[in-house]
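Everything on this sheet refers to the single structure shown next.
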Amino acid sequence: MIKARRTSGFTLIELLVVIAIIAVLIALLLPAVQSAREAARRAQCTNNLKQIGLGMHNYESSNGTFPPGTRTCCGGTWLIPLLPYVEQTALFNSWNAAYNNSGVAPYTATTGLYSYSSPGNITVTSTRVNAYMCPSDGNNTQNAGYSQTIGGNQMFVTSQNYIANFGNVTFQQITLTDNGVTYPFLGAPFGDIGGPKMDTNIGTGTVPAKVATFASISDGLSNTMMVSETLVGTNGTKKDLRGFSHWGYASGFSGFLTPNSTMPDWMQNANYCNYSNTERINPPCIPGPSNLIMLAPRSRHSGGVNAAMCDGSVRFIKNTVDRRTFMALSSTRGGEVLSSDSY
49 MIKARRTSGF TLIELLVVIA IIAVLIALLL PAVQSAREAA RRAQCTNNLK
99 QIGLGMHNYE SSNGTFPPGT RTCCGGTWLI PLLPYVEQTA LFNSWNAAYN
149 NSGVAPYTAT TGLYSYSSPG NITVTSTRVN AYMCPSDGNN TQNAGYSQTI
199 GGNQMFVTSQ NYIANFGNVT FQQITLTDNG VTYPFLGAPF GDIGGPKMDT
249 NIGTGTVPAK VATFASISDG LSNTMMVSET LVGTNGTKKD LRGFSHWGYA
299 SGFSGFLTPN STMPDWMQNA NYCNYSNTER INPPCIPGPS NLIMLAPRSR
349 HSGGVNAAMC DGSVRFIKNT VDRRTFMALS STRGGEVLSS DSY
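If you're matching positions, the sequence shown starts at 49 in the numbering used here and goes up one per residue.
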(Lines of atoms letter the chains of each structure in order from A; the text may use other names.)
(Lines give C-alpha, C1' and ligand atoms only; values in the text may rest on other atoms or scores of the structure.)
Protein backbone atom coordinates (compact mmCIF):
# COMPACT_ATOMS: atom_id res chain seq x y z
CA MET A 49 0.00 0.00 0.00
CA ILE A 50 1.44 3.34 -1.04
CA LYS A 51 1.14 6.09 1.55
CA ALA A 52 0.27 9.61 0.37
CA ARG A 53 3.25 11.94 0.71
CA ARG A 54 2.53 14.79 3.09
CA THR A 55 3.47 18.24 1.78
CA SER A 56 4.90 20.79 4.20
CA GLY A 57 3.71 24.42 4.37
CA PHE A 58 1.64 26.92 6.31
CA THR A 59 -2.05 26.48 6.78
CA LEU A 60 -4.30 29.46 6.15
CA ILE A 61 -4.78 29.96 9.89
CA GLU A 62 -1.03 29.91 10.53
CA LEU A 63 -0.47 32.43 7.76
CA LEU A 64 -3.10 34.77 9.16
CA VAL A 65 -1.55 34.51 12.62
CA VAL A 66 1.90 35.42 11.24
CA ILE A 67 0.45 38.38 9.33
CA ALA A 68 -1.34 39.55 12.47
CA ILE A 69 1.86 39.33 14.52
CA ILE A 70 3.78 41.30 11.89
CA ALA A 71 1.03 43.94 11.84
CA VAL A 72 1.19 44.28 15.63
CA LEU A 73 4.99 44.64 15.54
CA ILE A 74 4.75 47.31 12.84
CA ALA A 75 2.11 49.16 14.86
CA LEU A 76 4.42 49.08 17.89
CA LEU A 77 7.50 50.08 15.92
CA LEU A 78 6.03 52.91 13.84
CA PRO A 79 5.55 55.42 16.71
CA ALA A 80 9.13 54.76 17.83
CA VAL A 81 10.43 55.43 14.30
CA GLN A 82 8.36 58.58 14.00
CA SER A 83 9.55 59.74 17.41
CA ALA A 84 13.18 59.14 16.41
CA ARG A 85 12.68 61.10 13.20
CA GLU A 86 11.07 64.01 15.04
CA ALA A 87 13.93 63.96 17.57
CA ALA A 88 16.37 64.33 14.68
CA ARG A 89 14.31 67.15 13.15
CA ARG A 90 14.09 68.92 16.50
CA ALA A 91 17.86 68.58 16.95
CA GLN A 92 18.37 70.21 13.53
CA CYS A 93 16.00 73.00 14.52
CA THR A 94 17.97 73.53 17.73
CA ASN A 95 21.22 73.64 15.75
CA ASN A 96 19.72 76.26 13.43
CA LEU A 97 18.82 78.43 16.41
CA LYS A 98 22.32 78.00 17.84
CA GLN A 99 23.74 79.13 14.50
CA ILE A 100 21.41 82.13 14.44
CA GLY A 101 22.30 82.98 18.03
CA LEU A 102 26.02 82.80 17.27
CA GLY A 103 25.44 84.93 14.18
CA MET A 104 23.64 87.55 16.29
CA HIS A 105 26.58 87.65 18.71
CA ASN A 106 29.07 88.05 15.87
CA TYR A 107 26.92 90.80 14.36
CA GLU A 108 26.76 92.62 17.69
CA SER A 109 30.51 92.23 18.13
CA SER A 110 31.14 93.72 14.69
CA ASN A 111 28.52 96.50 14.77
CA GLY A 112 27.93 97.24 18.43
CA THR A 113 24.18 96.49 18.23
CA PHE A 114 21.73 93.79 17.28
CA PRO A 115 20.49 94.02 13.69
CA PRO A 116 17.24 95.93 13.19
CA GLY A 117 14.15 93.78 13.43
CA THR A 118 12.60 95.29 10.33
CA ARG A 119 12.62 98.41 8.19
CA THR A 120 8.90 99.16 8.02
CA CYS A 121 6.85 96.57 6.17
CA CYS A 122 8.91 95.97 3.13
CA GLY A 123 12.50 97.18 3.33
CA GLY A 124 13.96 93.98 4.73
CA THR A 125 13.99 92.26 8.11
CA TRP A 126 16.66 90.90 10.48
CA LEU A 127 17.05 87.92 8.13
CA ILE A 128 19.00 90.08 5.66
CA PRO A 129 21.78 91.66 7.80
CA LEU A 130 22.33 88.31 9.50
CA LEU A 131 23.13 86.54 6.20
CA PRO A 132 26.93 87.06 6.33
CA TYR A 133 26.93 85.53 9.82
CA VAL A 134 25.17 82.32 8.72
CA GLU A 135 27.61 81.68 5.85
CA GLN A 136 25.60 83.54 3.21
CA THR A 137 27.88 86.50 2.43
CA ALA A 138 27.42 86.22 -1.35
CA LEU A 139 23.65 86.34 -0.93
CA PHE A 140 23.90 89.37 1.35
CA ASN A 141 26.07 91.17 -1.22
CA SER A 142 23.21 90.81 -3.71
CA TRP A 143 20.82 92.79 -1.50
CA ASN A 144 20.00 96.36 -2.51
CA ALA A 145 19.22 98.41 0.61
CA ALA A 146 18.08 101.55 -1.25
CA TYR A 147 14.45 100.98 -0.26
CA ASN A 148 11.96 103.81 -0.47
CA ASN A 149 8.20 103.94 -0.44
CA SER A 150 7.89 105.37 -3.93
CA GLY A 151 8.04 103.71 -7.29
CA VAL A 152 5.81 102.29 -9.94
CA ALA A 153 4.09 98.92 -10.10
CA PRO A 154 4.66 96.05 -10.68
CA TYR A 155 6.63 95.73 -7.44
CA THR A 156 4.40 93.03 -6.01
CA ALA A 157 3.10 93.48 -2.44
CA THR A 158 4.13 97.14 -2.35
CA THR A 159 4.92 100.04 -4.64
CA GLY A 160 8.28 100.48 -2.97
CA LEU A 161 11.41 100.53 -5.07
CA TYR A 162 13.82 97.79 -3.91
CA SER A 163 11.31 96.23 -1.55
CA TYR A 164 11.70 92.58 -0.56
CA SER A 165 9.67 91.53 -3.60
CA SER A 166 11.06 93.98 -6.15
CA PRO A 167 13.17 92.88 -9.15
CA GLY A 168 16.22 94.35 -7.41
CA ASN A 169 15.93 92.03 -4.41
CA ILE A 170 13.92 89.01 -5.52
CA THR A 171 17.13 87.03 -6.10
CA VAL A 172 17.85 87.23 -2.38
CA THR A 173 14.36 86.70 -1.01
CA SER A 174 13.54 83.81 -3.36
CA THR A 175 16.62 81.87 -2.18
CA ARG A 176 15.93 79.36 0.55
CA VAL A 177 18.47 79.48 3.41
CA ASN A 178 18.65 76.18 5.30
CA ALA A 179 19.58 77.88 8.57
CA TYR A 180 16.20 79.65 8.51
CA MET A 181 14.14 76.46 7.99
CA CYS A 182 12.96 73.98 10.66
CA PRO A 183 12.50 70.49 9.17
CA SER A 184 9.65 69.70 11.59
CA ASP A 185 7.33 72.03 9.66
CA GLY A 186 6.29 70.10 6.56
CA ASN A 187 4.52 73.18 5.15
CA ASN A 188 7.56 75.44 5.16
CA THR A 189 8.30 75.14 1.43
CA GLN A 190 5.01 76.85 0.62
CA ASN A 191 5.03 80.51 -0.35
CA ALA A 192 2.57 83.36 -0.05
CA GLY A 193 2.46 84.01 -3.78
CA TYR A 194 4.51 87.23 -4.06
CA SER A 195 6.87 86.92 -6.99
CA GLN A 196 8.63 88.47 -9.97
CA THR A 197 9.14 86.99 -13.41
CA ILE A 198 12.68 87.57 -14.60
CA GLY A 199 14.11 86.04 -17.75
CA GLY A 200 11.02 83.92 -18.13
CA ASN A 201 11.45 82.41 -14.64
CA GLN A 202 8.90 83.10 -11.91
CA MET A 203 10.71 83.70 -8.60
CA PHE A 204 8.69 83.49 -5.36
CA VAL A 205 9.57 85.15 -2.04
CA THR A 206 10.21 82.36 0.48
CA SER A 207 8.85 81.86 3.98
CA GLN A 208 10.89 80.96 7.08
CA ASN A 209 10.47 79.21 10.46
CA TYR A 210 12.17 81.67 12.80
CA ILE A 211 10.95 84.99 14.17
CA ALA A 212 12.61 87.52 16.47
CA ASN A 213 11.53 88.79 19.87
CA PHE A 214 9.69 92.10 19.49
CA GLY A 215 8.81 92.40 23.17
CA ASN A 216 6.11 91.61 25.68
CA VAL A 217 3.16 93.39 24.02
CA THR A 218 1.94 93.98 20.48
CA PHE A 219 4.08 94.92 17.51
CA GLN A 220 5.01 98.63 17.57
CA GLN A 221 2.87 99.53 20.59
CA ILE A 222 4.02 101.09 23.84
CA THR A 223 1.18 99.57 25.91
CA LEU A 224 -1.47 96.87 25.53
CA THR A 225 -4.81 96.86 27.36
CA ASP A 226 -6.55 93.50 27.76
CA ASN A 227 -9.64 92.85 29.92
CA GLY A 228 -9.17 96.18 31.65
CA VAL A 229 -5.49 95.56 32.48
CA THR A 230 -2.82 97.73 30.83
CA TYR A 231 0.57 96.16 30.17
CA PRO A 232 3.50 98.52 29.50
CA PHE A 233 6.12 97.79 26.89
CA LEU A 234 9.28 96.75 28.76
CA GLY A 235 11.90 96.71 26.01
CA ALA A 236 12.79 94.27 23.24
CA PRO A 237 15.91 93.07 21.44
CA PHE A 238 14.34 93.96 18.08
CA GLY A 239 12.09 96.63 16.62
CA ASP A 240 11.19 98.63 13.52
CA ILE A 241 13.85 101.19 12.61
CA GLY A 242 11.36 103.01 10.37
CA GLY A 243 8.19 102.74 12.44
CA PRO A 244 6.58 105.99 13.68
CA LYS A 245 5.53 104.33 16.96
CA MET A 246 8.94 102.95 17.77
CA ASP A 247 9.56 102.85 21.50
CA THR A 248 12.06 105.54 22.47
CA ASN A 249 13.70 103.41 25.13
CA ILE A 250 14.53 100.20 23.25
CA GLY A 251 18.16 101.09 23.87
CA THR A 252 19.74 103.13 26.64
CA GLY A 253 19.11 106.79 27.31
CA THR A 254 16.20 108.94 26.14
CA VAL A 255 17.16 109.30 22.48
CA PRO A 256 15.40 106.77 20.19
CA ALA A 257 17.96 104.06 19.64
CA LYS A 258 15.95 101.98 17.13
CA VAL A 259 18.30 99.04 17.74
CA ALA A 260 19.26 97.25 20.95
CA THR A 261 22.65 96.45 22.43
CA PHE A 262 23.80 93.89 24.97
CA ALA A 263 24.13 96.73 27.47
CA SER A 264 20.45 97.68 27.01
CA ILE A 265 19.27 94.22 28.16
CA SER A 266 19.28 94.92 31.88
CA ASP A 267 17.21 91.80 32.64
CA GLY A 268 20.20 89.66 31.67
CA LEU A 269 21.07 87.88 28.44
CA SER A 270 20.19 84.45 29.85
CA ASN A 271 16.72 85.67 30.89
CA THR A 272 15.75 87.25 27.57
CA MET A 273 14.63 85.48 24.42
CA MET A 274 16.19 86.42 21.10
CA VAL A 275 14.60 84.24 18.39
CA SER A 276 11.94 81.53 18.45
CA GLU A 277 9.88 79.50 15.97
CA THR A 278 6.88 80.02 13.73
CA LEU A 279 4.77 77.86 11.44
CA VAL A 280 4.45 78.77 7.78
CA GLY A 281 0.85 79.58 6.94
CA THR A 282 -0.96 77.50 4.33
CA ASN A 283 -2.88 79.45 1.72
CA GLY A 284 -6.46 78.44 1.03
CA THR A 285 -9.28 80.71 0.01
CA LYS A 286 -7.08 83.53 1.38
CA LYS A 287 -3.38 84.13 1.93
CA ASP A 288 -1.86 83.37 5.32
CA LEU A 289 1.29 85.42 5.88
CA ARG A 290 2.55 83.78 9.05
CA GLY A 291 6.10 82.64 8.41
CA PHE A 292 6.37 85.14 5.55
CA SER A 293 9.09 86.87 7.52
CA HIS A 294 10.76 88.86 4.76
CA TRP A 295 7.62 90.94 5.31
CA GLY A 296 8.31 93.07 8.36
CA TYR A 297 5.03 92.49 10.15
CA ALA A 298 5.51 88.71 10.21
CA SER A 299 9.15 88.81 11.34
CA GLY A 300 8.62 88.91 15.12
CA PHE A 301 6.65 87.45 18.00
CA SER A 302 4.96 88.86 21.09
CA GLY A 303 5.43 87.52 24.60
CA PHE A 304 1.77 88.24 25.31
CA LEU A 305 0.83 85.02 23.48
CA THR A 306 2.40 81.89 24.98
CA PRO A 307 3.92 79.13 22.78
CA ASN A 308 1.37 77.45 20.48
CA SER A 309 -1.33 79.53 22.13
CA THR A 310 -4.98 78.63 21.56
CA MET A 311 -5.63 82.37 21.50
CA PRO A 312 -5.61 83.76 17.94
CA ASP A 313 -2.70 85.57 16.36
CA TRP A 314 -3.44 89.12 15.26
CA MET A 315 -2.71 89.80 11.60
CA GLN A 316 -2.68 93.20 9.93
CA ASN A 317 -5.97 92.57 8.19
CA ALA A 318 -8.37 89.78 7.24
CA ASN A 319 -6.70 89.26 3.85
CA TYR A 320 -3.51 87.96 5.53
CA CYS A 321 -5.21 85.48 7.85
CA ASN A 322 -6.47 82.15 6.50
CA TYR A 323 -8.60 80.72 9.28
CA SER A 324 -12.37 80.23 9.26
CA ASN A 325 -15.04 77.90 10.56
CA THR A 326 -14.90 75.86 7.36
CA GLU A 327 -11.17 76.00 6.57
CA ARG A 328 -9.07 75.58 9.71
CA ILE A 329 -5.82 74.57 8.06
CA ASN A 330 -3.72 76.96 10.17
CA PRO A 331 -3.49 77.99 13.82
CA PRO A 332 -6.21 80.48 14.84
CA CYS A 333 -5.90 84.09 13.75
CA ILE A 334 -8.02 87.22 13.49
CA PRO A 335 -7.54 90.72 12.06
CA GLY A 336 -5.93 92.74 14.82
CA PRO A 337 -7.78 95.81 16.13
CA SER A 338 -6.56 98.97 14.39
CA ASN A 339 -4.26 96.80 12.22
CA LEU A 340 -2.18 95.76 15.25
CA ILE A 341 0.11 92.73 14.91
CA MET A 342 0.61 90.08 17.60
CA LEU A 343 2.03 86.65 16.80
CA ALA A 344 2.72 83.69 19.08
CA PRO A 345 5.76 81.43 18.70
CA ARG A 346 4.53 78.16 17.18
CA SER A 347 6.08 74.83 16.20
CA ARG A 348 5.33 71.20 15.34
CA HIS A 349 7.37 69.98 18.32
CA SER A 350 5.41 68.17 20.99
CA GLY A 351 4.76 70.35 24.02
CA GLY A 352 6.42 73.65 23.16
CA VAL A 353 8.88 75.65 21.08
CA ASN A 354 12.63 76.14 20.93
CA ALA A 355 13.99 79.60 21.69
CA ALA A 356 17.47 81.05 21.34
CA MET A 357 18.27 83.24 24.33
CA CYS A 358 20.32 86.42 24.11
CA ASP A 359 23.29 84.67 25.70
CA GLY A 360 23.39 82.26 22.73
CA SER A 361 21.92 79.23 24.50
CA VAL A 362 18.83 77.42 23.17
CA ARG A 363 16.04 76.36 25.51
CA PHE A 364 12.77 74.52 25.12
CA ILE A 365 9.84 76.63 26.33
CA LYS A 366 6.76 74.59 27.27
CA ASN A 367 3.26 75.40 26.06
CA THR A 368 2.18 75.41 29.72
CA VAL A 369 4.45 78.31 30.67
CA ASP A 370 2.63 81.03 32.62
CA ARG A 371 1.91 84.11 30.53
CA ARG A 372 3.55 86.42 33.07
CA THR A 373 6.71 84.34 32.92
CA PHE A 374 6.70 84.32 29.14
CA MET A 375 6.18 88.08 29.00
CA ALA A 376 9.12 88.45 31.40
CA LEU A 377 11.29 86.33 29.08
CA SER A 378 10.28 88.64 26.23
CA SER A 379 11.17 91.93 27.92
CA THR A 380 14.66 93.40 28.20
CA ARG A 381 14.24 95.85 31.08
CA GLY A 382 11.26 94.68 33.12
CA GLY A 383 13.27 93.78 36.21
CA GLU A 384 11.30 90.56 36.74
CA VAL A 385 12.70 87.77 38.90
CA LEU A 386 12.65 84.39 37.15
CA SER A 387 13.51 80.98 38.55
CA SER A 388 15.10 78.36 36.34
CA ASP A 389 12.18 75.96 36.88
CA SER A 390 9.43 78.44 35.91
CA TYR A 391 9.59 77.47 32.24
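Note that the Cβ used here is the ideal one computed from N, Cα and C, for glycine as well.
Since the structure is predicted, the reported quantities are computational estimates derived from the model, not experimental observations.
For M375, the uninterrupted alpha helix (DSSP H) segment begins and ends at 371-378. The Cβ atoms of N354 and L97 sit closer than 8 Å to each other. In this chain, A356 is not harboured by any alpha helix (DSSP H); it is covered by the beta strand (DSSP E) spanning 352-357.
The Cβ atoms of S299 and W126 lie closer than 8 Å to each other. Annotation for A376: G382, E384, L386 place their beta carbon closer than 7 Å to its own, counting only its chain and skipping 5 residues before and after.
Taking a C-beta distance under 8 Å as the contact criterion, N216 and Y231 qualify as a contact pair. With a 10 Å radius around the Cβ and a threshold of 16 neighbouring Cβ atoms, A145 comes out exposed. Judged by beta-carbon spacing, S207 lies beyond the 8 Å limit of N227, meaning their Cβ atoms are not closer than that value.
Leaving aside the five residues that flank Q196 on each side, the residues in its chain whose CB is nearer than 6 Å to its CB run, in chain order, P167, I170, M203.
With fewer than 16 other Cβ atoms inside 10 Å of its own Cβ, D370 counts as exposed. Under the three-state reduction of DSSP, S195 is assigned to strand.
For F364, the enclosing beta strand (DSSP E) covers residues 362-366.
Rounded to whole angstroms, the Cβ separation of T272 and P307 is 16 Å, and the two are not in contact under 8 Å. Looking at F292, P312, L269, P115, the one whose alpha-carbon comes closest to that of L131 is P115. Taking the CA atoms as reference points, M357 sits about 12 Å from F262. In chain order, N354, V362 place their CB closer than 8 Å to the CB of T94, counting only its own chain and leaving out the 5 sequence neighbours on each side. With respect to the 8 Å criterion, S165 and V205 are classified as neighbours on the basis of their beta carbons. A212 carries a strand assignment under DSSP once its states are collapsed to helix, strand and coil.
Less than 8 Å separates the beta-carbon of T282 from that of I329.
The secondary-structure analysis by DSSP pairs S276 across a beta bridge with I211. Among the bridge pairs identified by DSSP, W314 is matched with I334, M342. Residue nearest to W314 within the set M274, L343, I211, C182 is L343 (criterion: CA-CA distance).
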